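Undergrad: In my numbering, the protein residues as written are 6 to 88. C-beta atoms are modelled at their ideal positions from N, C-alpha and C, and glycine is treated no differently. Predicted, not measured: the structure shown is a model, and the values here were computed from it. Before anything else, here's the structure in question.
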Amino acid sequence: MSSVPPLTTDDPPAVDCVGLLAGWGDFPLVVARKLKLLGYRVICVGIREHADVELAEICDAYMTVNPARGGKGIRFFKRHNVK
């Protein structure tokens, strides 16, 4: 069983922003859109040549990283106060 609560509008967000690490496929887009609807700031690090470029329009802050340079993504999250 997962301890992660479902994304609903029943409770106000406990945090104001969420960090999203995005690879390929539609799942990161679905998650980013839902988080925005729920009032979160979405800070996204996309894996270069895998993440959908549309994430740059949806998210409040976005950057791409080479998979071998994960430290850049971590620093990006820290600069945007992702906890």
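Drop a sphere of 10 angstroms on the beta-carbon of N86, count the other beta-carbons inside from all chains shown, and report buried for 16 or more, exposed for fewer.
TA: Residue numbering aside, residue 86 sits at position 81 when the sequence shown is read from its first letter. By the 16-neighbour rule on beta-carbons within 10 angstroms, N86 is exposed.
Undergrad: Just to confirm the assignment, what range does the beta strand (DSSP E) spanning G44 have?
TA: The residue given as residue 44 occupies position 39 in the sequence shown. Counting along the chain, G44 falls outside any beta strand (DSSP E), and DSSP gives it neither H nor E.
Undergrad: Take I48 as the anchor and find which of F32, G76, A61, W29 has the nearest alpha-carbon.
TA: In the sequence shown, residue 48 corresponds to position 43, counting from 1. Put simply, of F32, G76, A61, W29 the residue whose alpha carbon is nearest the alpha carbon of I48 is A61.
Undergrad: Below 8 Å between beta carbons: does that hold for A27 and G51?
TA: Indexing the sequence shown from 1 puts residue 27 at position 22. Indexing the sequence shown from 1 puts residue 51 at position 46. Yes, these two residues count as a Cβ contact at 8 Å.
Undergrad: Helix, strand or coil: how does DSSP classify A56 here?
TA: The residue labelled residue 56 in the question sits at position 51 within the sequence shown. Coil, per DSSP.
Undergrad: Starting from the C-beta of G78, find all residues in its chain whose C-beta is less than 8 Å away, skip the five residues before and the five after it, and write them out in chain order.
TA: For the purposes of this step, residue 78 is identified with residue 73 of the sequence shown, where counting begins at 1. Here the set comprises L26, V50, M68, V70.
Undergrad: Using DSSP with H/G/I as helix, E/B as strand and the rest coil, what is G51?
TA: For this step, residue 51 is matched to residue 46 along the sequence shown. In the structure shown, G51 sits in a strand (DSSP, three-state: E or B).
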